[in-house]
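Q:
Structure follows, in structure tokens:
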């Protein structure tokens, strides 16, 4: 997607489970599109209060960590260029137990309000964490209810979709975003999530060494209802 003068602003809605999902999984992509003028809304279902990481050495506790993680996410949003942040105020590790119909309705209402061109969420089966899979499931249902299935993409981890056949997909199902020019913002956002990244020594090495740990690409699975795309290097 190239920025077009006077063109209507494109909109992206990302619906994730925890603070740091946006950075650790697809921070380069979000920074890239924000830099192109895309209006990004991020939804975090929880504040990550049940996460195991409390700093290194631990200097937070269950009482203090939700506010800390919210603050870290707001900083990361500023770093990545995310304009709007919404919390669903669900307790961490309980997303799968929330009434599906009510949560689907809530997300469908948000989709209707934002009217995004692209929606990102977790894959219901490949999310890797119960909260991830649960928020992906209800967001997928909400997209169908709102008539936005053609806008839906699933985020994936690392380069797992370099070989999509292993997961029942083909290369035509995968959008591969080059984020090479936005890895600096991604690294800064990693550091914004200090309570979660502080234990990872590589994050805090000199920039050159830390940046070398990132892959050049981030990968997204198109929903089965999405239109056939000629350009598999762009979500829009």
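Residue numbers (our numbering): 32 to 267.
Even for Gly, the Cβ is constructed at its ideal location relative to N, Cα and C.
1. Alpha carbon to alpha carbon, how far is residue 172 from residue 101?
2. Which same chain residues, not among the five before or five after residue 155, have their C-beta less than 7 Å away from its C-beta?
3. Check this for me: beta carbons of residue 151 and residue 67, under 8 Å apart or not?
4. Below 8 Å on the Cβ atoms is my contact criterion, and I expect residue 221 with residue 210 to pass it. Report the Cβ-Cβ distance as a whole number of Å.
5. Can you tell me where the alpha helix (DSSP H) with residue 55 in it begins and where it stops?
6. Taking the alpha-carbon positions, what's the residue 218 to residue 228 distance?
7. Specify the secondary structure class of residue 212 as computed by DSSP and reduced to three states.
8. When the Cα atoms are used, what is the spatial distance from residue 106 to residue 159?
9. If you count every other CB in all the chains shown that lies within 10 Å of the CB of residue 264, and 16 or more means buried, which is it?
10. Count the other C-beta atoms from every protein chain shown that fall within 10 angstroms of the C-beta of residue 259, then say buried if there are 16 or more, exposed otherwise.
11. Identify every residue that forms a DSSP beta bridge with residue 46.
12. Under 8 Å by Cβ, that's how I've got residue 109 and residue 224 pegged, so tell me the actual separation to the nearest angstrom.
13. I'd like the ranges of any beta strand (DSSP E) spanning at least 3 consecutive residues and lying wholly in the stretch 175-252.
14. Closest to residue 15 by CA distance: which of 238, 255, 230 and 206 is it?
15. Can you give the Cα-Cα distance for residue 46 and residue 74, rounded to whole angstroms?
16. I need the straight-line Cα distance from residue 162 to residue 186, nearest angstrom please.
17. Would you report the Cα separation of residue 197 and residue 157, rounded to the nearest angstrom?
18. For a quick check, are the C-beta atoms of residue 76 and residue 98 less than 8 Å apart?
19. Taking the alpha-carbon positions, what's the residue 192 to residue 250 distance?
20. Tell me the residue span of the beta strand (DSSP E) that contains residue 129.
21. Based on DSSP bridge pairs, tell me the residues matched to residue 263.
22. Does the beta-carbon of residue 72 have 16 or more other beta-carbons within 10 angstroms, so that it is buried, or is it exposed?
A: Let me spell this out:
1. Between residue 172 and residue 101, the alpha-carbon positions lie close to 27 Å from each other.
2. So the list reads 164, 167, 168 and 171, once near-sequence residues are dropped.
3. No, these two residues do not count as a Cβ contact at 8 Å.
4. Not a contact, Cβ separation roughly 13 Å.
5. First-last of the alpha helix (DSSP H) with residue 55: 52-66.
6. Approximately 10 Å, taken between the alpha carbons.
7. Residue 212 carries a helical assignment under DSSP once its states are collapsed to helix, strand and coil.
8. Cα to Cα, residue 106 sits roughly 26 Å from residue 159.
9. Exposed, since its Cβ has fewer than 16 Cβ neighbours within 10 Å.
10. Of the residues assessed, residue 259 falls on the exposed side of the cut-off, its CB having fewer than 16 other CB atoms within 10 angstroms.
11. Its beta-bridge partners are 74 and 152.
12. No, residue 109 and residue 224 are not in contact; Cβ-Cβ is about 13 Å, not under 8 Å.
13. With a minimum length of 3 residues, the unbroken runs of beta strand (DSSP E) contained wholly in the stretch 175-252 fall at 183-186 and 205-209.
14. It is not possible to answer for residue 15, since the shown part of the chain is limited to 32 through 267.
15. Between the C-alpha atoms of residue 46 and residue 74 there is a straight-line separation of about 5 Å.
16. Their backbone Cα atoms lie some 14 Å apart in a straight line.
17. The alpha-carbon atoms of residue 197 and residue 157 are separated by roughly 12 Å.
18. Cβ atoms of residue 76 and residue 98: not closer than 8 Å.
19. One C-alpha to the other measures close to 6 Å.
20. For residue 129, no beta strand (DSSP E) encloses it, and the DSSP letter there is neither H nor E.
21. Under the DSSP definition of a beta bridge, residue 263 lacks any partner.
22. It counts as buried.
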